[in-house]
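Following: one structure in structure tokens, then a few remarks.
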Amino acid sequence: MAGYRKLGRTSSQRKALLRNQVTNLLYNGKIVTTEAKAKEIRRIAEGMIALAVKEKDNFETVTVTAKVARKDKDGKRVKEVVNGKKVDVYDSVEKTIQKDKASRLHARRKMLAYLYPVTEVPAEAAGKKKNTKEVDLTEKLFNEIAPKYVSRNGGYTRIIKIGQRKGDAAMEVLIELV
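So, in structure tokens, the structure goes:
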């Protein structure tokens with residue numbers, strides 16, 4: 001007996017399906033799917049959330065000095081002539097960043113290896129590539145989702161039965177983050 005559901009697909013199709021559904025669950029908070037898929041999604045999603053909760057505060061704050069190009073009022077880089085060449089002018093800026101410790105970095109990389117990249121498109125600019133932005137799901141896991149579940153010991157998702165699907169009578173469910 002297998003330790004997982006095969007869902008009537010080859011291994012590559014199954015892995016892609018589960019990656020996609022887990023990514024959408026963590027991004028949207030809830031999805032509608034079949035009962036068998038939801039039970040598999042729950043295993044993976046709860047493992048990722050547990051990992052995020054465990055490593056939530058495992059970082060150190062570091063102040064670094066960075067060179068930033070000086071810009072004029074139009075947002076263009078300021079140029080200066082040095083030895084007959086036009087060269088950009090840079091200013092030194094102090095920045096405070098969060099530096100992951102080794103175990104948090106490992107957790108972040110495990111999440112990045114599994115989750116698909118998510119591109120957010122604003123409703124008013126649909127179809128235009130210019131206004132899209134990448135959503136960092138690992139950052140969302142550490143900063144938004146994990147703090148909600150610090151006091152919980154598991155059980156981060158809920159499966160609610162909706163009813164049978166009209167086409168093939170498969171049991172449809174709503175899986176959501178609690």
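In the UniProt record's numbering, the protein residues as written are 1 to 178. Each residue gets a CB set at the ideal place from its N, CA and C atoms; glycine is no exception.
Would you give the residue range spanned by the alpha helix (DSSP H) that T23 belongs to? Here the alpha helix (DSSP H) through T23 covers S11 to N28.
Near N24, which residues of its chain fall below 6 Å by C-beta distance, leaving aside the five closest residues on each side in sequence? The answer, listed in chain order, is I31.
Would you tell me roughly how many angstroms separate the C-alpha atoms of A123 and K85, rounded to the nearest one? Answer to the nearest angstrom: the Cα atoms are 45 Å apart.
Cβ-based neighbour list, I44, same chain, cut-off 7 Å, excluding 5 preceding and 5 following: Contacts found: L18 and V22.
Tell me which residue opens and which closes the beta strand (DSSP E) that Y90 is part of. Residues Y90 to D100.
What does a CB cutoff of less than 8 Å around K67 pick up in its chain, not counting 5 residues either side in sequence? Once the five neighbours on either side are set aside, the close Cβ partners of K67 are Y90, D91, S92 and V93.
Confirm, please, whether the CB-CB distance from L137 to Y27 is below 8 Å. Yes, the Cβ-Cβ distance between Y27 and L137 is below 8 Å.
Could you give the uninterrupted runs of the beta strand (DSSP E) lying entirely in the stretch 37-116, keeping only those of 3 residues or more? Runs found: 59-69, 79-82, 85-88 and 90-100.
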